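Undergrad: Residue numbers (this note's numbering), protein chains in the order written: chain C, 1 to 211; chain L, 212 to 443. Glycine included, each C-beta is placed from N, C-alpha and C at the ideal position. In this text the structure is predicted, and so the values were computed from the model without any measurement.
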């Protein structure tokens, strides 16, 4: 057990949640962070979906890492990810049709997420399956964390709701001049919210600042 | 995994790379087709069930517990009509749907009975901003006033265009008249403040202009195809 949760393995899991966050520090997966965060729910679902796929793609690549020819390794990684995503999509469609309807385009978007390729190339190609699994889980959750924060602010300030439930759309608030900010629903505002998180994180963590 | 026995080989040789790629592709192809064909039946029955639920939404039967039972309870006939408004078949409407654009002689119409009153459901299909949008419009027995309406989309923007599925957008359609002076004129979807000439109108979604225009055009073009049937 001590080996399973060694210091190194713990770091593989915790680093991406904090100091080495894939979105705010490595600046990966920004495109989907813009696309799915206008509301909290898709952000949540996308975060979970990416976490599962990164973790398992990492394990598979790690298992076959010694057999992969170096020259076509990126293609092999892509094939593994695409296969995994397609199979998950098919299973969702057959057994939980409602969820698959909800996810619709996001499933396809997972394949193009740069975090996936980044982790496969940077970690799974040279580490054993278990640490790769933890690394995938950590990065997926680190990504989900940012998506949820951005989704929270965008839905709250843009539509006045959270997960579709009314929070701010009350007459008394509107009477004193409060208005939902439609700007928050535009993709550009996601970038600004992400930038604010990066700002906050760098201000708190001296290690991240350039000398 | 399958290629572990080749560990001794140089993984950089051309032959190894080629064989590796070929084997990988065959494994993946086999896996995918096995999954697809074994799940196909379940997926198709799910799709049919979902479509029935969508049709029921057009006559305001939402969140049905048992879609199949409700569908047989309310939907009495699945007609096919041609562009002249003549009924060409009393059945098969359900399966021909969405091929509408290709075949103007087989336009589906669902005849329903709600609390003793006849309702007609006409399918809609159009283009949104990112992909197809579709829906069903339920009309009263005068084939004129909208009784209920359902919209769905494949990939519109959440919070903006995707709002067409919400009750907030759908509710105002109810009671609107698609005919003026005996002619089918559809219902306009316009930005707040704009006034439609000679037809009823509902508000577009702010920030979802292109999707709203898509809904406007979809209603217009689809109802146009049914013009002869609706004025009969």
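Mind pulling the alpha helix (DSSP H) runs of 4 or more residues that sit fully within the region 12 to 88 of chain C?
TA: Taking only runs of at least 4 residues, the alpha helix (DSSP H) segments lying wholly in the region 12 to 88 of chain C are 30 to 35 and 40 to 63.
Undergrad: Residues of chain L with a CB under 9 Å from the CB of residue 39(C): which are they?
TA: Within 9 Å Cβ-Cβ: 369, 370 and 373.
Undergrad: Can you find a CB in chain L that lies within less than 9 Å of the CB of residue 32(C)?
TA: It does not; no Cβ of chain L falls within 9 Å.
Undergrad: Flag this pair as touching only if the region 272 to 285 of chain L and the region 230 to 248 of chain L have three or more C-beta atom pairs under 8 Å; answer yes or no.
TA: Short answer: they don't touch.
Undergrad: Can you pull the DSSP bridge partners for residue 329(L)?
TA: Answer is 324(L), bridged to residue 329(L).
Undergrad: Residue 466(L) to residue 414(L), Cα distance in whole Å?
TA: For residue 466(L) there is no data in the structure shown, the boundaries of chain L being 212 and 443.
Undergrad: Applying a beta-carbon distance threshold of less than 7 Å, which residues of chain B neighbour residue 418(L)?
TA: No chain B appears in this structure, whose protein chains are C and L.
Undergrad: When you compare only the Cα positions, how much space is there between residue 12(C) and residue 164(C)?
TA: Approximately 35 Å, taken between the alpha carbons.
Undergrad: Give the straight-line distance between the Cα atoms of residue 348(L) and residue 412(L), rounded to the nearest whole angstrom.
TA: Approximately 15 Å between the Cα atoms of the pair.
Undergrad: Can at least three beta-carbon pairs, one atom from the region 370 to 378 of chain L and one from the region 422 to 437 of chain L, be found at a separation below 8 Å?
TA: Cβ pair count under 8 Å is three or more, so yes.
Undergrad: Following the continuous beta strand (DSSP E) through residue 412(L), name the residue where it begins and the one where it ends.
TA: Taken as a continuous stretch (DSSP letters only), the beta strand (DSSP E) holding residue 412(L) covers 412 to 414.
Undergrad: Just verifying my parser: in three-state terms, what is the DSSP assignment at residue 170(C)?
TA: Coil at residue 170(C), not helix or strand.
Undergrad: My output table needs one value for residue 375(L): the three-state DSSP class, helix, strand or coil.
TA: Reduced to three states, the DSSP call for residue 375(L) is helix.
Undergrad: Only counting runs of 4 or more residues, tell me where the alpha helix (DSSP H) segments fall wholly within the region 243 to 305 of chain L, in order along the chain.
TA: As far as the region 243 to 305 of chain L is concerned, its whole alpha helix (DSSP H) runs of at least 4 residues are 278 to 285.
Undergrad: Do you know whose CA, among 136(C), 14(C), 65(C) and 90(C), lies nearest residue 251(L)'s CA?
TA: Checked all of 136(C), 14(C), 65(C) and 90(C); the closest Cα to residue 251(L) is 90(C).
Undergrad: If I'm right that residue 110(C) touches residue 53(C) with Cβ under 8 Å, what's the distance once you round it to whole angstroms?
TA: Rounded, the Cβ-Cβ distance is 5 Å, consistent with contact.
Undergrad: In terms of residue numbering, what span does the beta strand (DSSP E) encompassing residue 362(L) cover?
TA: Run containing residue 362(L): 357 to 364, per the beta strand (DSSP E) assignment.
Undergrad: Would you mind telling me which residues of chain L sit closer than 9 Å to residue 93(C), beta carbon to beta carbon, in chain order?
TA: In chain order: 250, 253, 254, 257 and 258.
Undergrad: Applying a beta-carbon distance threshold of less than 7 Å, which residues of chain L neighbour residue 90(C)?
TA: Ordered by position in chain L, the residues that pass the 7 Å Cβ test against residue 90(C) are 246, 247 and 250.
Undergrad: In chain L, which residues lie less than 8 Å from residue 72(C) when you measure between Cβ atoms?
TA: Those within 8 Å of residue 72(C) in chain L are 228, 231 and 232.
Undergrad: Within 10 angstroms of its Cβ, does residue 127(C) collect 16 or more other Cβ (buried), or is it exposed?
TA: Under this definition residue 127(C) is a buried residue.
Undergrad: Count the other C-beta atoms from every protein chain shown that fall within 10 angstroms of the C-beta of residue 71(C), then say buried if there are 16 or more, exposed otherwise.
TA: Exposed, by the Cβ-count rule.
Undergrad: For residue 271(L), which residues from the same chain have a beta carbon less than 6 Å from its beta carbon, with the 5 sequence-adjacent residues on both sides left out?
TA: Counting only Cβ-Cβ distances below 6 Å, and skipping sequence neighbours, we find 359.
Undergrad: Exposed or buried, what is residue 365(L) when buried is set at 16 or more other beta-carbons lying within 10 Å of its beta-carbon?
TA: By the 10 Å Cβ count, residue 365(L) comes out exposed.
Undergrad: Counting pairs of Cβ atoms below 8 Å between the region 427 to 440 of chain L and the region 332 to 343 of chain L, do you hit three or more?
TA: Yes, they touch.
Undergrad: Where does residue 217(L) fall in DSSP's three states?
TA: At residue 217(L) the pLDDT is 47, less than 50, meaning the model places this residue with poor confidence; the figure from the coordinates comes in the next sentence. Here residue 217(L) sits in helix by DSSP.
Undergrad: Buried or exposed: where does residue 345(L) fall if 16 or more other Cβ atoms within 10 Å of its Cβ makes it buried?
TA: Buried.
Undergrad: List, in chain order, every chain C residue whose beta-carbon is nearer than 7 Å to that of residue 239(L).
TA: The answer, in chain order, is 79 and 83.
Undergrad: Below 8 Å, how does it come out for the region 74 to 92 of chain C and the region 131 to 141 of chain C: are there three or more Cβ pairs, yes or no?
TA: No, they do not touch.
Undergrad: From the beta carbon of residue 9(C), is the nearest beta carbon of chain L less than 9 Å away?
TA: Chain L, which has no Cβ nearer than 9 Å to the Cβ of residue 9(C), makes this no.
Undergrad: Determine, using beta carbons only, whether residue 150(C) and residue 197(C) come nearer to each other than 9 Å.
TA: Yes, they are a contact pair.
Undergrad: For residue 406(L), does the three-state DSSP call read helix, strand or coil?
TA: It is coil, neither helix nor strand.
Undergrad: Nearest-angstrom Cα distance between residue 212(L) and residue 28(C)?
TA: Low confidence applies to residue 212(L): its pLDDT is 44, below 50, so where it sits in the model is not reliable, and the reading given next is rough at best. Answer to the nearest angstrom: the Cα atoms are 30 Å apart.
Undergrad: Mind checking whether residue 253(C) and residue 140(C) have CB atoms under 9 Å apart?
TA: Here chain C has residues from 1 to 211 only, and residue 253(C) is not among them.
Undergrad: Spell out whether any CB of chain L is found under 9 Å from the CB atom of residue 51(C).
TA: Residue 51(C) does not count as touching chain L.
Undergrad: Hey, could you find the ends of the alpha helix (DSSP H) residue 116(C) is sitting in?
TA: Element bounds for residue 116(C): 114 to 122.
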